[in-house]
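Undergrad:
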Amino acid sequence: MEKLIQANALFRNSLEGRFALDINRSILQTGIAAHAPLQDYVTYVLRASPEDVQSRPENFTALAYSRMNSQLTESPSKQIANLCAGERVTSVQSSGPYATERIRFSTKL
Numbered sequence: 001m002e003k004l005i006q007a008n009a010l011f012r013n014s015l016e017g018r019f020a021l022d023i024n025r026s027i028l029q030t031g032i033a034a035h036a037p038l039q040d041y042v043t044y045v046l047r048a049s050p051e052d053v054q055s056r057p058e059n060f061t062a063l064a065y066s067r068m069n070s071q072l073t074e075s076p077s078k079q080i081a082n083l084c085a086g087e088r089v090t091s092v093q094s095s096g097p098y099a100t101e102r103i104r105f106s107t108k109l
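Each residue of the sequence shown is one higher than the last, beginning at 1 in our numbering.
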């Protein structure tokens, strides 16, 4: 992915182009690390009003977006574990920025 970005970033040879590439790379890497769907996350941030972003920037990070949409962005390993166990998630609870999620499963399907 990194080589693809660099190969297609023809503007990377100028100082301004390098800044733009670094910003795009940072967004890409933090989105992947937070397990956020990149297109949805970037669209969400770009559609937000500048006043909202300026007043609460912590709500517009990739990690905050991923936590806000945790049921939609459930990790593949959790999805596979749920399917193999034949159970379904009835609730997911977490609190605080570094909280451990508590997942309660219903009985087998």
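Each residue gets a CB set at the ideal place from its N, CA and C atoms; glycine is no exception.
Is it buried or exposed, G17, if we count other Cβ atoms within 10 angstroms and call 16 or more buried?
TA: As a first step, residue 17 is located in the sequence shown; it is residue number 17 there, counting from the start. Its Cβ having fewer than 16 others within 10 Å, G17 is exposed.
Undergrad: Do you know offhand how far D22's Cα is from Q29's?
TA: Numbered from its first residue, the sequence shown carries residue 22 at position 22. Numbered from its first residue, the sequence shown carries residue 29 at position 29. Per the coordinates, the alpha-carbon of D22 lies some 10 Å from the alpha-carbon of Q29.
Undergrad: Determine whether the beta carbon atoms of A20 and A62 lie at a separation below 9 Å.
TA: Within the sequence shown, residue 20 is the residue found at index 20, counting from 1. Within the sequence shown, residue 62 is the residue found at index 62, counting from 1. Cβ atoms of A20 and A62: not closer than 9 Å.
Undergrad: What separation, rounded to the nearest whole angstrom, lies between the Cα atoms of S66 and R56?
TA: In the sequence shown, the residue the question calls residue 66 occupies position 66. In the sequence shown, the residue the question calls residue 56 occupies position 56. Straight-line Cα distance between these residues: approximately 16 Å.
Undergrad: Candidates P37, S49, S14, P50: which alpha carbon is nearest A124's?
TA: A query on residue 124 cannot be resolved here, the shown segment of the chain reaching from 1 to 109 and no further.
Undergrad: Could you have a look at S14 and say whether DSSP puts it in helix, strand or coil?
TA: By 1-based counting over the sequence shown, the position of residue 14 is 14. Shown here, S14 sits in coil according to DSSP, grouped into three states, outside any helix or strand.
Undergrad: Where in the region 10 to 67 do unbroken runs of the alpha helix (DSSP H), each at least 4 residues long, occur, reported from the N-terminal end onward?
TA: 15 to 33, 38 to 47, 50 to 55
Undergrad: Nearest CA to the CA of S49: which residue from Q39, D40, F60?
TA: For this step, residue 49 is matched to residue 49 along the sequence shown. The candidate whose alpha carbon is nearest that of S49 is F60.
Undergrad: Thinking just about the alpha-carbon of each residue, which of Q54, M68, V42, N13 is nearest to the one in S26?
TA: The residue you call residue 26 lines up with position 26 of the sequence shown. The option with the nearest alpha carbon to S26 is V42.
Undergrad: Taking the C-alpha atoms as reference points, what is the distance between L46 and N69?
TA: What you label residue 46 is simply residue 46 of the sequence shown in a count that begins at 1. What you label residue 69 is simply residue 69 of the sequence shown in a count that begins at 1. Answer to the nearest angstrom: the Cα atoms are 17 Å apart.
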